[in-house]
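Below is one structure, written out as structure tokens, with a few remarks after it.
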Amino acid sequence: MKLNFKKSGQGDVLIILHGLFGSADNWFSIARELEKHFTLYLVDQRNHGDSPHSDEWNYELMANDIKELMDNEGISKAHLMGHSMGGKTVMKFATLFPEMIDQLIVADIAPRYYPVHHGRILEGLNAIPLDTIQSRKEADDVLAAFIKIPGIRQFLLKSLGRDDAGKFIWKINLSVITEQIEIVGEAITSDKPIEIRTLFMGGANSDYILDSDKEEIATLFPNSSIIFIKDAGHWLHAEQPKAVIETVMAFLG
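Counting from 1, position 147 in the sequence shown corresponds to residue 147 in the UniProt record's numbering; the numbering is continuous, with no gaps.
Here it is in structure tokens:
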């Protein structure tokens with residue numbers, strides 16, 4: 001699948017992948033600094049942003065989408081960074097195409113299985129009547145009955161777009177995500193360790209990377225380290241962008 005992406009900057013290639021319900025736009029504030037040092041590719045994964053929708057959706061396919069992008073762009077090797085679902089995509093890519101990765105950054109996710117925990121979000125998104133709402137405010141009012149935190153609603157509603165006729169549409173493939181949400185939590189495994197130099201970058205206030213994950217991370221990625229960003233939760237790049245930029249720059253050198 002040919003993915004939508006935004007390219008900027010110059011230098012070594014750094015490909016960045018967003019998480020579930022997100023898009024390349026989530027990384028714009030980070031990109032303004034990183035593009036001074038790298039050729040950045042901010043990518044919309046399949047079923048997200050402006051990339052195509054498909055009924056087929058799993059980490060092997062998403063990893064192969066990235067390989068297709070790299071092949072089409074003439075990129076033989078790159079740094080890869082992914083957040084949450086994007087972190088699992090880049091880990092899967094590392095199990096399939098390790099020779100195409102220079103260094104790897106995984107943001108606030110571990111390789112283990114995660115149980116489904118997005119039910120309330122999906123209820124809220126599916127409750128928004130796209131055929132009848134006239135404004136984003138109306139969509140937000142519906143979503144507020146399911147999600148109390150305004151910042152989370154604002155993030156989710158970034159995926160609300162309009163078609164050529166001006167009708168509201170979801171840029172995410174909401175029906176497929178709803179039906180196949182279990183795939184997001186699937187574990188990333190490998191028959192052999194991945195020797196790529198890897199940074200796991202967690203939010204200190206997040207529960208996505210736990211002490212109990214450290215052994216599994218070290219086994220699968222023996223050349224890895226773990227750093228926690230102070231005063232950051234799961235969306236660490238939005239909550240502490242300066243610290244994330246400094247950490248990425250220090251790791252990639």
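Beta carbons: idealized from backbone N, C-alpha and C, even for Gly.
So the beta strand (DSSP E) residue i belongs to, where does it begin and stop?
| i | result |
| --- | --- |
| Tyr59 | No beta strand (DSSP E) holds Tyr59; the alpha helix (DSSP H) holding it covers Tyr59 to Glu73. |
| Ile16 | Asp12 to Leu17 |
| Ser29 | Unbroken run through Ser29 is the alpha helix (DSSP H), Phe28 to Leu34; no beta strand (DSSP E). |
| Gly119 | No beta strand (DSSP E) contains Gly119, which is instead part of the alpha helix (DSSP H) from Gly119 to Ala127. |
| Lys192 | Taken as a continuous stretch (DSSP letters only), Lys192 belongs to no beta strand (DSSP E), as it is neither H nor E. |
| Lys7 | Phe5 to Gly9 |
Going straight from the alpha carbon of residue i to that of residue j, what length do you get?
| i | j | result |
| --- | --- | --- |
| Lys137 | Ser159 | 14 Å |
| Glu33 | Ile245 | 7 Å |
| Thr95 | Gly49 | 26 Å |
| Leu156 | Ser175 | 15 Å |
| Ile149 | Gly74 | 42 Å |
| Phe21 | Arg162 | 17 Å |
| Asp211 | Phe221 | 16 Å |
| Asn173 | Ala218 | 34 Å |
| Glu123 | Leu143 | 9 Å |
| Leu130 | Ala165 | 13 Å |
| Ile152 | Asp141 | 13 Å |
| Lys6 | Phe93 | 20 Å |
| Ser76 | Met70 | 7 Å |
| Ala78 | Val248 | 14 Å |
| Trp170 | Val184 | 19 Å |
| Gly9 | Tyr41 | 9 Å |
| Gly86 | Ser135 | 30 Å |
| Asp25 | Asp12 | 21 Å |
| Ile227 | Trp57 | 30 Å |
| Ile194 | Pro52 | 30 Å |
| Glu215 | Gly119 | 29 Å |
| Pro111 | Asn72 | 28 Å |
| Lys67 | Leu3 | 11 Å |
Please name the residue in the options whose C-alpha comes closest to that of residue i.
| i | options | result |
| --- | --- | --- |
| Asp121 | Tyr208, Ala218, Ala145 and Met249 | A quick correction: the sequence has Ile, not Asp, at residue 121. Here the closest residue by C-alpha is Ala145. |
| Phe97 | Leu61, Pro222 and Gly19 | Leu61 |
| Ile188 | Asp12, Lys88 and Ala218 | Lys88 |
| Ala243 | Leu210, Ile16, Lys230 and Ser206 | Lys230 |
| Asp44 | Met91, Val142 and Gly82 | Gly82 |
| Ser190 | Gly151, Met91 and Phe251 | Met91 |
| Asp46 | Val13, Thr39 and Ser54 | First, the amino acid is wrong: residue 46 is Arg here, not Asp. Among Val13, Thr39 and Ser54, the Cα nearest to that of Arg46 is on Ser54. |
| Lys36 | Glu56, Leu14, Trp57 and Ala24 | Leu14 |
| Asn126 | Tyr114, Ala110 and Ile147 | Ile147 |
| Tyr113 | Asn64, Ile66 and Glu182 | Glu182 |
Starting from residue i, trace the alpha helix (DSSP H) both ways and give me its first and last residue.
| i | result |
| --- | --- |
| Gln103 | Taken as a continuous stretch (DSSP letters only), Gln103 belongs to no alpha helix (DSSP H), being part of the beta strand (DSSP E) at Ile101 to Ala107. |
| Ile177 | Leu174 to Glu179 |
| Ala78 | Segment Ala78 to His83 is the beta strand (DSSP E) holding Ala78; no alpha helix (DSSP H) there. |
Taking only heavy atoms of the ligand GDP into account, decide whether any of them is closer than 7 Å to the Cβ of residue i.
| i | result |
| --- | --- |
| Ile209 | In the structure on display, the ligand GDP does not appear, and there are no ligands present to speak of. |
Could you tell me whether the stretch 86–104 touches the stretch 189–205, using the rule of 3 or more Cβ pairs below 8 Å?
At 8 Å Cβ cutoff, the stretches touch.
Going along the chain, which unbroken runs of the alpha helix (DSSP H) with 4 or more residues stay wholly within the stretch 209–244?
Here the runs fully enclosed are 214–220 and 236–239.
Inside the stretch 139–169 only - beta strand (DSSP E) runs reaching at least 3 residues
The beta strand (DSSP E) runs of length 3 or more contained entirely in the stretch 139–169 are, from start to end of the chain, 160–162.
With three or more C-beta pairs closer than 8 Å as the rule, is the stretch 21–35 touching the stretch 233–242?
In short, these stretches touch, since the Cβ pair count reaches three.
Does the stretch 172–186 come close enough to the stretch 199–216 that 3 or more CB-CB pairs lie under 8 Å?
Output reads no: the stretch 172–186 does not touch the stretch 199–216.
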